[in-house]
Amino acid sequence: MTTPQRLARCNTPITDRPLATAPNKSYRHKSAFGWIMIGAMDDQHAMREARRSTENPRYEDLQKWDGTQYVGCAQATEAMHA
-4 MTTPQRLARC NTPITDRPLA TAPNKSYRHK SAFGWIMIGA MDDQHAMREA
46 RRSTENPRYE DLQKWDGTQY VGCAQATEAM HA
C-alpha cells in the first residue's frame, strides 16, 4: 500500500469503512453514543446483534455496506419493492 493510500485510509473514520470479514457483511446501527459496528450474515442477523448493544434498535437506523458506502437497509428495501 502506498503512502497516499494509507493517508486516505487513515483520514477516513473507522465507522465509515467496512469492518466485517467474509462470510459476514458489514453493518452499522446508529445509537445514542455513535455507531455500533456489526458483522452479520443478513439484515435480521444484524438486528439481533444490534439488540446486544442497544436497548431498542430500529430497522430505520440500520445501514449496510454496499461496496463503496453504507446505505440504509430500510431505503434499500423500499427501492427493491418500488
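First residue of the sequence shown: -4, per the working numbering; consecutive thereafter.
Cβ atoms here follow ideal geometry from the backbone N, Cα and C, with glycine treated the same way.
Residue span of the alpha helix (DSSP H) that contains residue i, given as start and end
| i | result |
| --- | --- |
| Met32 | Looking at the DSSP string, Met32 is not in any alpha helix (DSSP H); the run it does join, the beta strand (DSSP E), is Gly29 to Ala35. |
| Asp56 | Here Asp56 belongs to no alpha helix (DSSP H), and DSSP marks it neither H nor E. |
| Ala45 | Asp38 to Arg46 |
Run of the beta strand (DSSP E) containing residue i, from where it starts to where it stops
| i | result |
| --- | --- |
| Ala64 | Correcting the residue type first, residue 64 is Gln in the shown sequence and not Ala. Premise fails: Gln64 is in no beta strand (DSSP E) and is neither H nor E. |
| Arg23 | Lys20 to Ser26 |
Per-residue burial, residue i [other beta carbons within 10 Å of its own, 16 or more giving buried]
| i | result |
| --- | --- |
| Arg23 | buried |
| Ser21 | buried |
| Cys68 | buried |
| Gln58 | buried |
| Glu50 | exposed |
| Ala41 | buried |
Rounded Cβ spacing between residue i and residue j (contact assumed at less than 8 Å)
| i | j | result |
| --- | --- | --- |
| Asn19 | Met36 | 6 Å |
Through-space distance from residue j to residue i, alpha-carbon basis
| i | j | result |
| --- | --- | --- |
| Ser26 | Ile9 | 16 Å |
| Leu14 | Thr63 | 13 Å |
| Asn6 | Arg47 | 29 Å |
| Tyr54 | Gly34 | 16 Å |
| Tyr65 | Arg12 | 8 Å |
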